[in-house]
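Colleague:
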Amino acid sequence: MNKQINMDLDALEPHMDIEGIRSGYFTDAYFLNIQKILESMSDSTFLSLNPINGNGYQVSDAQVEMQWFTRRPGQTLVCGLNLALACLKNCSGYWEGGKFIDTADSLEVWAVPEGSFVDYQGDPSAVMPVLRVRGRYRDFGGNETVTLGYLARASRVATNVYELLIATHGKPLLFFPARYDLPETQTIDGYAYGTAVKTYNEKFGKNLPSFVSTDAQGALLGVKGGGTIPHAAIACFLGDTVKTTMAFAKFIDPAIPRVALVDFDNDCVNTSKNVAQSLFREYIACVRRGNDEEAKRFKLFGVRLDTSSALIDKSLVPMGEKREDYGVNPRLVHAVRNGLDDAWREWGLAQDDIPLAKTYLREVKIIVSGGFNKDKIRWFEETNTPVDMYAVGSATFDNHGPTVTDYTADVVQVKIGDEWTPMAKVGRKPNENPELVRVW
Numbered sequence: 032m033n034k035q036i037n038m039d040l041d042a043l044e045p046h047m048d049i050e051g052i053r054s055g056y057f058t059d060a061y062f063l064n065i066q067k068i069l070e071s072m073s074d075s076t077f078l079s080l081n082p083i084n085g086n087g088y089q090v091s092d093a094q095v096e097m098q099w100f101t102r103r104p105g106q107t108l109v110c111g112l113n114l115a116l117a118c119l120k121n122c123s124g125y126w127e128g129g130k131f132i133d134t135a136d137s138l139e140v141w142a143v144p145e146g147s148f149v150d151y152q153g154d155p156s157a158v159m160p161v162l163r164v165r166g167r168y169r170d171f172g173g174n175e176t177v178t179l180g181y182l183a184r185a186s187r188v189a190t191n192v193y194e195l196l197i198a199t200h201g202k203p204l205l206f207f208p209a210r211y212d213l214p215e216t217q218t219i220d221g222y223a224y225g226t227a228v229k230t231y232n233e234k235f236g237k238n239l240p241s242f243v244s245t246d247a248q249g250a251l252l253g254v255k256g257g258g259t260i261p262h263a264a265i266a267c268f269l270g271d272t273v274k275t276t277m278a279f280a281k282f283i284d285p286a287i288p289r290v291a292l293v294d295f296d297n298d299c300v301n302t303s304k305n306v307a308q309s310l311f312r313e314y315i316a317c318v319r320r321g322n323d324e325e326a327k328r329f330k331l332f333g334v335r336l337d338t339s340s341a342l343i344d345k346s347l348v349p350m351g352e353k354r355e356d357y358g359v360n361p362r363l364v365h366a367v368r369n370g371l372d373d374a375w376r377e378w379g380l381a382q383d384d385i386p387l388a389k390t391y392l393r394e395v396k397i398i399v400s401g402g403f404n405k406d407k408i409r410w411f412e413e414t415n416t417p418v419d420m421y422a423v424g425s426a427t428f429d430n431h432g433p434t435v436t437d438y439t440a441d442v443v444q445v446k447i448g449d450e451w452t453p454m455a456k457v458g459r460k461p462n463e464n465p466e467l468v469r470v471w
């Protein structure tokens with residue numbers, strides 16, 4: 032196994048239905064039909080009307096070269112290759128007497144490293160293959176559906192996340208799309224998100240962490256799901272955000288950041304200040320007792336603004352502009368930042384406690400959520416809005432127009448005798464990609 036392919040493929044197996052893939056359960060039926068035809072012709076020779084000299088050519092054992100490429104316009108961050116390779120490694124072969132005969136080692140496989148970039152300019156005859164396989168078609172051809180699916184899904188999410196990270200100018204992106212799709216997709220989606228974060232860090236010399244909301248999303252990243260307090264929890268506490276956050280602080284492991292959701296009353300500024308004051312009171316009491324470990328329970332990491340796009344927060348004077356007034360907007364973020372930074376003035380603190388209070392409040396991060404996409408993030412960044420983190424959901428799954436990330440696999444050459452002969456459909460041809468490396 033080439034070391035440039037940097038993930039242990041065995042680690043992926045528990046997250047794949049190997050038996051289901053081998054049996055063809057996830058395969059488009061016409062691939063299964065051609066496998067059956069080829070297997071049934073194992074004792075037959077093939078006489079072609081094609082002028083190519085195919086004397087003695089055994090169609091049942093057709094050796095082909097297949098290439099996989101994306102058709103997403105522009106640049107794509109390639110992801111899902113390790114899953115596609117794991118599929119080829121574990122599911123290439125044939126059934127005999129109820130037993131699966133593994134022939135993966137007979138294949139020749141090339142791939143680009145996970146997290147590579149490729150470009151597509153709309154011409155399917157001039158593409159950058161991300162995966163190339165040579166071998167007996169009927170042994171691996173049935174994997175086309177699944178490998179394309181892994182690549183399309185993971186590359187779409189990874190590329191969307193990468194472009195969102197570019198828009199944030201290097202601020203952390205919280206991955207919150209779990210509720211917008213089936214639970215079965217969470218592991219591959221989280222893996223794609225992590226690939227985008229890793230690629231962004233490497234390209235720009237950053238050290239952004241991966242923030243996922245479910246354990247399933249973090250399964251291949253080695254991280255656990257995290258998050259803030261939901262609106263439902265505040266409702267259980269009869270709408271008291273302060274008491275809800277205090278309960279979180281008292282009973283949840285201090286290693287989990289304390290992030291208060293502050294829009295329940297549509298009064299983000301005052302709710303943020305009240306939560307901060309309540310937690311700081313406990314925090315400074317612990318510090319005075321010399322109990323720094325207990326003080327960590329009451330360290331307010333951040334506040335999250337999630338105001339409905341149908342509402343104007345109580346702290347804002349309407350300007351008559353929907354974008355400037357409703358939902359989470361730059362004016363609201365500035366108001367919360369200013370309110371937090373100056374909140375200590377209202378607390379009646381002893382002179383000696385003021386420096387600690389100022390630091391405590393300045394370190395409270397502002398996290399925004401609710402309908403954020405590339406355009407909305409760019410607006411916030413261009414206006415120097417004091418956001419520390421963006422929580423993004425459905426925009427990471429965007430799949431329309433320029434974000435459609437379809438993949439295609441084509442047979443482009445067939446081996447006749449000892450020679451590889453071009454054999455692609457009209458409009459396609461074998462292509463090279465200098466990033467391709469031999470995997471096995």
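When you line the sequence shown up against the numbering used here, it's residues 32 to 471, in that order. All residues carry an ideal CB built from backbone N, CA and C; glycine is no exception. Note that this is a predicted model, so its numbers are computed, not measured.
Alpha carbon to alpha carbon, how far is Thr302 from His46? Give it in angstroms, no decimals.
Modeller: Their Cα atoms are separated by approximately 42 Å.
Colleague: Kindly confirm or deny that the segment 203-216 and the segment 145-164 touch, where touching means at least three C-beta pairs closer than 8 Å.
Modeller: No contact exists between the segment 203-216 and the segment 145-164.
Colleague: Does the separation of the CB atoms of Lys405 and Leu195 fall below 8 Å?
Modeller: Result yes, Cβ atoms of Lys405 and Leu195 sit closer than 8 Å.
Colleague: Using the three-state DSSP reduction, which class does Asp294 fall into: helix, strand or coil?
Modeller: Three-state DSSP puts Asp294 in coil, outside helix and strand.
Colleague: Would you mind sorting Thr216 into buried or exposed? The rule is 16 or more other CB atoms within 10 Å of its CB.
Modeller: So Thr216 counts as buried.
Colleague: Hey, could you find the ends of the alpha helix (DSSP H) Met97 is sitting in?
Modeller: Segment 94-101 is the beta strand (DSSP E) holding Met97; no alpha helix (DSSP H) there.
Colleague: Can you tell me where the alpha helix (DSSP H) with Arg320 in it begins and where it stops?
Modeller: No alpha helix (DSSP H) contains Arg320, which DSSP labels as neither H nor E.
Colleague: State the DSSP-derived secondary structure class of Gly124, mapped to helix, strand or coil.
Modeller: Reduced to three states, the DSSP call for Gly124 is strand.
Colleague: Within 10 angstroms of its Cβ, does Asp441 collect 16 or more other Cβ (buried), or is it exposed?
Modeller: So Asp441 ends up on the buried side.
Colleague: Where does the unbroken beta strand (DSSP E) through Ala264 begin, and where does it stop?
Modeller: Not the beta strand (DSSP E): Ala264 falls in the alpha helix (DSSP H), residues 262-267.
Colleague: Evaluate contact between the segment 113-133 and the segment 47-55, counting only Cβ atoms and requiring at least three cross-stretch pairs below 8 Å.
Modeller: With the cut-off at 8 Å, the segment 113-133 and the segment 47-55 touch.
Colleague: Roughly how many whole angstroms lie between the Cα atoms of Gly55 and Glu44?
Modeller: The alpha-carbon atoms of Gly55 and Glu44 are separated by roughly 17 Å.
Colleague: By DSSP's criteria, Arg368 is part of a beta bridge. Which residues make up the other side?
Modeller: Arg368 pairs with nothing; no bridge assigned.
Colleague: Are the beta-carbon atoms of Leu182 and Leu112 separated by less than 8 Å?
Modeller: A contact, by the Cβ cut-off of 8 Å.
Colleague: Asp373 to Tyr391, Cα distance in whole Å?
Modeller: The straight-line gap from Cα to Cα measures roughly 11 Å.
Colleague: Could you pull the start and end residues of the beta strand (DSSP E) that Gly129 belongs to?
Modeller: Gly129 -> no beta strand (DSSP E), and no H or E assigned at all.
Colleague: Straight-line CA distance for Asp419 to Val192?
Modeller: The straight-line gap from Cα to Cα measures roughly 17 Å.
Colleague: If you measure between the beta carbons of Thr176 and Phe62, is that distance less than 8 Å?
Modeller: It is a contact, given that the beta carbons lie within the stated cut-off.
Colleague: How about the segment 325-344 and the segment 354-366: do they share at least three Cβ pairs that are nearer than 8 Å?
Modeller: Verdict: yes, contact present.
Colleague: First and last residue of the beta strand (DSSP E) that includes Ala42?
Modeller: Where Ala42 is concerned, there is no enclosing beta strand (DSSP E), given that its DSSP letter is neither H nor E.
Colleague: How far does the alpha helix (DSSP H) with Ile65 in it extend, from its first residue to its last?
Modeller: From DSSP, the alpha helix (DSSP H) with Ile65 extends over 60-71.
Colleague: According to DSSP, simplified to helix, strand and coil, what is Thr134?
Modeller: Coil.
Colleague: In the DSSP output, which residue or residues are listed as bridge partners for Arg165?
Modeller: DSSP lists Glu96, Glu139 as partners of Arg165.
Colleague: Alpha carbon to alpha carbon, how far is Val348 from Arg362?
Modeller: Approximately 10 Å, taken between the alpha carbons.
Colleague: What are the boundary residues of the beta strand (DSSP E) that Ala440 is part of?
Modeller: Note, Ala440: beta strand (DSSP E), 438-447.
Colleague: At what residues does the alpha helix (DSSP H) containing Pro386 begin and finish?
Modeller: Where Pro386 is concerned, the enclosing alpha helix (DSSP H) stretches over 385-393.
Colleague: Compute every distance between the C-beta of Gly201 and the non-hydrogen atoms of the ligand ADP, then say whether any falls below 7 Å.
Modeller: For the ligand ADP, the structure offers nothing, since it holds no ligand at all.
Colleague: From Tyr314 to Phe329, what distance separates their C-alpha atoms?
Modeller: If you take the alpha carbons of Tyr314 and Phe329, they lie about 5 Å apart.
Colleague: Measure the CB-CB distance between Asp271 and Leu336 and report whether it falls below 8 Å.
Modeller: Cβ atoms of Asp271 and Leu336: not closer than 8 Å.
Colleague: Are the CB atoms of Tyr222 and Leu179 nearer to each other than 8 Å?
Modeller: Contact flag unset, no.
Colleague: Tell me, please, which residues DSSP counts as bridged to Ile52.
Modeller: Paired residue(s): none; Ile52 is not in a bridge.
Colleague: My output table needs one value for Tyr357: the three-state DSSP class, helix, strand or coil.
Modeller: If DSSP states are grouped into helix, strand and coil, Tyr357 belongs with the strands.
Colleague: Check each candidate in Arg102, Ser244, Ser425 and name the one with the smallest Cα separation from Ser156.
Modeller: Residue Arg102 is the option with its Cα nearest to Ser156.
Colleague: Do the CB positions of Val143 and Glu412 come within less than 8 Å of each other?
Modeller: Cβ atoms of Val143 and Glu412: not closer than 8 Å.
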